[in-house]
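*Asks:* Here you go, one structure.
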Amino acid sequence: MSNQKGKQSGGGKGKKASKPGPESKGDEVLQAVVLTDSFQDRFKPLTVDTPRCLLPLANVPLVEYTLEYLAMNGVQEVYMYCGPHAEKVEAYIARSRWAPGSKTTPFSVLQFVRVSDANSVGDILRDLDKRSLIAGDFILVHGDLVSNIPLQGILEAHRKRRLENADNIMTIVLKSGGAAPHRTKAPGITPVFVVDTKTKRCLHYDEVNPLQSDHYTVLDPTIIDELSADFEIRADLIDPSIDICTPAALALWSDSFDYELPRRNFLNGVLKDWELNGKSIYAEIVDEGYAARAVNLPMYESISRDMLGRWSFPFVPDCNIFPGQAYEFTRGGNYLELDVTFGPGATIAGSVIARRTSVGDGSVVRNSMIGKNVTIGKNVTITDSFIWDGTTIGDNTIITRSLLAGSGSSIGSDCTVEEGSVVSFGVITGDKITIPKDSLISKVNSAGAHVAPDTQLLGPTAQGAPFVDPELDELDPRDPSILQRRLLYTLADLSLSTSTISTLSSDIEDDSRPTTPSGPTRSRLSSFASDDSLSRSTFHADAVNGLLDALRDPTGDWDSAKMEFLGLRLANDASEGAVRKAVASAFALRAAELLDSGLEPSKAAESALRGRKGVSKFIEEVGVGSGEADQVEFAICLQRSLAGIRGLEGPRAGLLLAALFQQLYDMEILEEEGILMWWGDERAEGGNMGVLREKVKALVEWLENAEEEDDESDSDDDE
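Counting from 2, one number per residue, gives the positions in the sequence shown under our numbering.
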């Protein structure tokens, strides 16, 4: 954390931040767009009836930090796009200092924009382009941003680049997080940026997460050869989603109607298609200051801890930036407001406690944030937790690393709330109950309707029950947001091996584009290579790379490649599953390359599997093995590999999978029973896997009909 403290006081009372911030030069009006809905709600059940941007962070609504940051940087016009519960956001702003026409607002314009049919950030930005509200450069942020990074110098550099070339459409602001583990890095997702060290041009973007089948980022050699001789791969950056954009960036969103996400779709797509669209995007990497988004519960907890540690200065409680605050920084690292009362023997350490809150005799509060009008009974222990306004806690209760949302919530006496629990608004429990670890408890379901109380879990007078989110059933099992929907971020329950969370490599093709190996292309890898979890020296990376090289070279010695593969397996003590996955990945990627070169799916599959003498025997003996169960596992690996290739649309990938299965069947590597067993395996269904599976339906039906005809023929022979 030492690299993120920036300018701040070490303790004692803070001072109010000076404002307004730097003003835009000349007649150019600095505009900002605030997105209060990311369409990826990872705060349920807290956000069923409450907009996320109004959830309290250190007892202040999240959107306050975002608007204050814009005001400090001289923004004059703000356009807010609100998703669900837009009326509540508008009502809050209308009675705040940000209200249009208020004497205290620093903005000349604050306008709400509603889009009834928006299902993604892309839909919102395409709508913004149609409305022509933006006249020049603008800052794009989300309503959960907490940052103190000054933008004046970054804006000047952006404008200079834009004046030099109108195709320089965007600058993204990134915060260096260091190579060591860092709690403010996005949990579950590692963003990977490739940046020209001289020009700051962003050359490539990718994401890796522990749930995806393959873990590489693929660098197109033509990008490096033509655009940069000196670049670095950065997997150590914090991305707070602060973007400085031109209207041309909005136009590009409109031209690409299928883009939904700003990074995974837009940034990745624009950088990959740089030759076609001619647009350039730059990255300003900041070493000092603070920037993070409370985009999910683990990040909410991390930012709260940073505030207690004063890393986010001046956004710390005792600066009293926000109206109505009156915190004082006291002994023990506490931030206490007026009218807080303590019983005899009460102990407070490293905590924030708002006004009109009482702490009973002998109670202990450590490293926690307590809201207004909270009643804490006698001999209560609260550790590493968040207690929001209006919560009541009975005597002798223990709460550990949990969130209680308040608004009438009540935890009885002699209760235990185990770590990771989230108790939503208005939940009431009886006495002597235990809320298990990592629980979500709510009075309402995902549709906002009241649920029947679970009296067995919460007691006879309970109001509330375990919350069930139906969206989880619809998610792809590899979606990293699954890891971000609880207060505790952990991989312990997923049984992931170290080979699953493996590598990042510019040598392995993870796209549908053919790539010609051209030797080492990286000149600076310090930030990248320092992350042990992204080490390139893994079996999967080296195995797939070696097989691909051999498959691409029609005149090479396949027997030598086979021996090298088997030697690599022995050196790494690779399991049968790891070997099967590597073989399937290599042939899937080779077939995708051939498909992208213009071959029909059937020809691409045939060339990949039959183009070299000895390949079929290698697949059968090394990749598949013996038995129908092994055939099913290989088929699943082949399907997953094709589903994970970026740029290969689901329907095309499905046609290629069907062609590969047909070839493998003709080669007697996949037998009829193996394919039919794969068809009935639930792992082959759902999400992207299901899209590919449907394209194999015709082959499966043909096999089933053939089996029926054989049965009838056998029956006739018997008669």
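Just so it is clear, CB atoms sit at the ideal spot from N, CA and C, and this is done for glycine as well. Computed from a prediction, not measured in an experiment: that's the story for all the values here.
Can you name the residues that DSSP bridges to Ile637?
*Replies:* Answer is none; Ile637 lacks a bridge partner.
*Asks:* Going straight from the alpha carbon of Lys698 to that of Asp550, what length do you get?
*Replies:* The alpha-carbon atoms of Lys698 and Asp550 are separated by roughly 32 Å.
*Asks:* Enumerate in chain order the residues of its own chain whose CB-to-CB distance from Arg357 is below 6 Å, with the five nearest sequence positions on each side excluded.
*Replies:* Excluding positions up to five away in sequence, the list reads Asp340, Lys373 and Asn374.
*Asks:* Which same chain residues, not among the five before or five after Ser440, have their C-beta less than 6 Å away from its C-beta?
*Replies:* Once the five neighbours on either side are set aside, the close Cβ partners of Ser440 are Ser422.
*Asks:* Jot down the residue ranges of each uninterrupted alpha helix (DSSP H) in the region 547 to 622, minimum 4 residues, whole runs only, in chain order.
*Replies:* You should have 559 to 573, 577 to 597, 602 to 611 and 616 to 619.
*Asks:* Nearest to Gln335 by alpha carbon, out of Leu661, Val365, Gly361 and Phe323?
*Replies:* Looking at the sequence shown, residue 335 is not Gln but Asn. Nearest C-alpha to Asn335: Val365.
*Asks:* With 16 as the cutoff for other CB atoms within 10 Å, does His159 come out buried or exposed?
*Replies:* Looking at its Cβ environment, which holds 16 or more other Cβ atoms inside 10 Å, His159 is buried.
*Asks:* Buried or exposed for Lys199, please, with buried defined as at least 16 other CB atoms from any protein chain shown within 10 angstroms of its CB.
*Replies:* Burial call: exposed.
*Asks:* Let me check understanding here. Comparing Cα to Cα, which of Lys438, Ser576, Glu577 and Val381 lies closest to Asp343?
*Replies:* First, the residue type needs correcting, since residue 343 is Phe and not Asp in the sequence shown. Of the listed residues, the one whose Cα sits closest to Phe343 is Val381.
*Asks:* Could you please give the first and the last residue of the uninterrupted alpha helix (DSSP H) stretch that includes Val271?
*Replies:* Run containing Val271: Asn269 to Lys273, per the alpha helix (DSSP H) assignment.
*Asks:* Can you tell me the Cα-Cα spacing of Val701 and Trp680, whole angstroms?
*Replies:* Taking the straight line from one Cα to the other gives about 8 Å.
*Asks:* Considering just the uninterrupted stretch of the beta strand (DSSP E) at Arg78, what are its terminal residues?
*Replies:* It should be pointed out that residue 78 corresponds to Glu in this sequence rather than to Arg. Glu78 to Tyr82 is the span of the beta strand (DSSP E), which, as asked, contains Glu78.
*Asks:* Using a 10 Å radius around the Cβ and a threshold of 16 neighbouring Cβ atoms, would you call Met690 buried or exposed?
*Replies:* By the neighbour-count rule (16 or more Cβ atoms within 10 Å), Met690 is buried.
*Asks:* Look at the alpha carbon of Leu649 and the alpha carbon of Leu643, and state the distance between them as a whole number of angstroms.
*Replies:* For Leu649 and Leu643, the distance between alpha carbons rounds to 8 Å.
*Asks:* Using the beta-carbon count (16 or more within 10 Å), is Ala606 buried or exposed?
*Replies:* The residue is buried, with at least 16 neighbouring Cβ atoms inside 10 Å.
*Asks:* Can you tell me which of the three DSSP states Lys131 falls into?
*Replies:* Reduced to three states, the DSSP call for Lys131 is helix.
*Asks:* What are the start and end residues of the alpha helix (DSSP H) that includes Pro192?
*Replies:* Unbroken run through Pro192 is the beta strand (DSSP E), Thr191 to Asp197; no alpha helix (DSSP H).
*Asks:* Alpha helix (DSSP H) containing Val90: first to last residue?
*Replies:* First-last of the alpha helix (DSSP H) with Val90: Ala87 to Ala95.
*Asks:* Below 8 Å on the Cβ atoms is my contact criterion, and I expect Gly460 with Asp415 to pass it. Report the Cβ-Cβ distance as a whole number of Å.
*Replies:* Not a contact, Cβ separation roughly 11 Å.
*Asks:* With DSSP as the reference, please indicate the residues paired to Arg294 in a beta bridge.
*Replies:* Looking at the DSSP assignment, Arg294 forms a beta bridge with Leu146.
*Asks:* For Val61, which residues of its own chain have a beta-carbon under 6 Å away from its beta-carbon, when the five flanking residues on both sides are left out?
*Replies:* So the qualifying residues of the chain are Phe323.
*Asks:* With distances taken Cα to Cα, identify the nearest neighbour of Pro151 among Arg641, Tyr70, Asp207 and Val193.
*Replies:* Closest by alpha carbon: Tyr70.
*Asks:* In three-state terms, what does DSSP make of Thr499?
*Replies:* With a pLDDT of 33 at Thr499, under the threshold of 50, the predicted position of this residue should be treated as unreliable, though the coordinate-derived value follows. Coil.
*Asks:* By DSSP, does Pro467 sit in helix, in strand, or in coil?
*Replies:* Pro467: strand per DSSP, three-state reduction.
*Asks:* Is the region 255 to 268 close to the region 313 to 333, with three or more CB pairs under 8 Å?
*Replies:* No, because fewer than three Cβ pairs between the region 255 to 268 and the region 313 to 333 fall closer than 8 Å, the two stretches do not touch.
*Asks:* With the cut-off set at 8 Å, would you say Asn368 and Leu309 are in Cβ contact?
*Replies:* The answer is yes: Cβ separation under 8 Å.
*Asks:* By the 10 Å Cβ neighbour count, where 16 or more other Cβ atoms means buried, how is Gln640 classified, buried or exposed?
*Replies:* Burial call: buried.
*Asks:* In chain order, what residues of the same chain have a beta carbon less than 7 Å from the beta carbon of Asn278, not counting five sequence neighbours either side?
*Replies:* Correct list, in chain order: Leu253 and Val271.
*Asks:* Helix, strand or coil for Ala158, going by three-state DSSP, please let me know.
*Replies:* Helix at Ala158.
*Asks:* Have a look at Ser608 and Ser617 and give me their C-alpha separation to the nearest angstrom.
*Replies:* The alpha-carbon atoms of Ser608 and Ser617 are separated by roughly 12 Å.
*Asks:* Hey, could you find the ends of the alpha helix (DSSP H) Glu69 is sitting in?
*Replies:* Start and end: Leu63 to Met73.
*Asks:* Given that a residue counts as buried once 16 or more other Cβ atoms are within 10 Å of its Cβ, and exposed if not, what is Arg162?
*Replies:* Buried.
*Asks:* Over the uninterrupted alpha helix (DSSP H) stretch that includes Pro652, give me the two end residues.
*Replies:* Gly651 to Asp667 is the span of the alpha helix (DSSP H), which, as asked, contains Pro652.
*Asks:* Please look up how many angstroms separate the CB atoms of Cys246 and Leu141, rounded, as I've assumed it's under 8 Å.
*Replies:* The Cβ separation is near 6 Å, so the contact holds.
*Asks:* For Val408, which three-state DSSP category applies?
*Replies:* According to the sequence provided, residue 408 is Ser. The question's Val does not apply to it. Correct three-state label for Ser408: coil.
*Asks:* What three-state label does DSSP hand Glu695 in the structure shown?
*Replies:* Correct three-state label for Glu695: helix.
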